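Here my numbering = 1-based position in the sequence shown + 3.
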Amino acid sequence: MLKLKLPYPPTINHYWRHVGQRVLISKKGREYRAAVSVYLRNKRIETLEGPLSVDIELHMPDRRRRDIDNVLKAMLDSLQWGGAFLDDSQVMRLAIEKIVPEKKEKPKRRTKAEMKAGVERKVEKPEGKAIVWIAEIDTEQQATANRICLQCHQSFESTGPANRICGDCNQEQREMSPNAVPTWLGKRQSGRAL
C-alpha cells in the first residue's frame with residue numbers, strides 16, 4: 004500500500020483551458036502534474052498494475068465551500084502521469100473525504116511598541132494538501148474487498164460499501180460511547196434496566 008502526501012490539486016475549472024477549437028491542460032494543471040511527478044520520482048515508487056483501491060483525504064486550505072469531486076480528475080491524471088499506476092481505469096474503488104480546517108482567531112492588533120519598531124505580523128496563508136492511499140486489490144478477494152479504515156487507516160476486509168470502519172475501531176467506539184451499557188446492569192429494554 005502506498006501513502007502519498009500531495010499538494011492540494013487545482014479544481015477542474017482551473018485544470019482545462021480552451022484555446023480556439025482545442026482543449027488543453029492549463030499552466031496550473033501542468034505545474035501540479037510536474038510537482039506530483041517529482042514527488043513520486045523522489046519516493047522511487049514503482050508503477051502498480053492490476054485493480055486498485057484509492058482513498059483520498061482532502062485537507063482544505065481554508066473554510067470556503069468547495070465541491071470535493073472537482074479535484075479528482077486532476078489528482079488521478081497526475082498520479083497516472085507521474086507513474087503511480089498505468090491507467091486511472093485500474094481504479095476499482097475510490098473514496099474521498101473532505102477535512103475542513105478549524106476556525107481561526109482573528110489576528111491581534113499591533114502594539115505601539117511594535118509599530119515604532121517596525122515589526123509586522125505576517126499572516127501565513129494556509130496550504131491545503133491531499134493524502135492518498137493506493138492499495139492493490141487481489142482479484143480473488145474482490146467479493147470481500149479490502150477497505151481502508153477511516154479512523155486508523157489500516158486495511159481490513161469489508162463486506163460492503165457501508166462498512167468503512169474496522170472492527171477494532173468500532174469496538175473502541177462502543178467502549179468509549181456515553182451510551183455504553185455496563186455489562187453488570189443485565190437485561191435492558193428500551194434503554195432501561197429490567
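Each residue gets a CB set at the ideal place from its N, CA and C atoms; glycine is no exception. Being a predicted model, the structure only gives us computed values, none of them experimental.
- Collapsing the DSSP output to three states places E34 in a helix.
- In the DSSP assignment, A138 falls within the beta strand (DSSP E) that extends over K132 to E139.
- Collapsing the DSSP output to three states places D80 in a helix.
- Under the DSSP assignment, I15 falls in the alpha helix (DSSP H) whose first and last residues are I15 to Y18.
- Under the three-pair Cβ rule at 8 Å, the stretch 90 to 101 does not count as touching the stretch 112 to 120.
- In the pairwise beta carbon analysis, the stretch 50 to 69 is classified as touching the stretch 131 to 140: at least three pairs are separated by under 8 Å.
- Taking 8 Å as the cut-off, the Cβ atoms of I168 and D58 do not count as close.
- In this structure, Y11 and G131 form a Cβ contact; the two beta carbons are roughly 3 Å apart against a cut-off of 8 Å.
- Measuring C-alpha to C-alpha distances from K31 to each of D65, I99 and S81 identifies S81 as the nearest.
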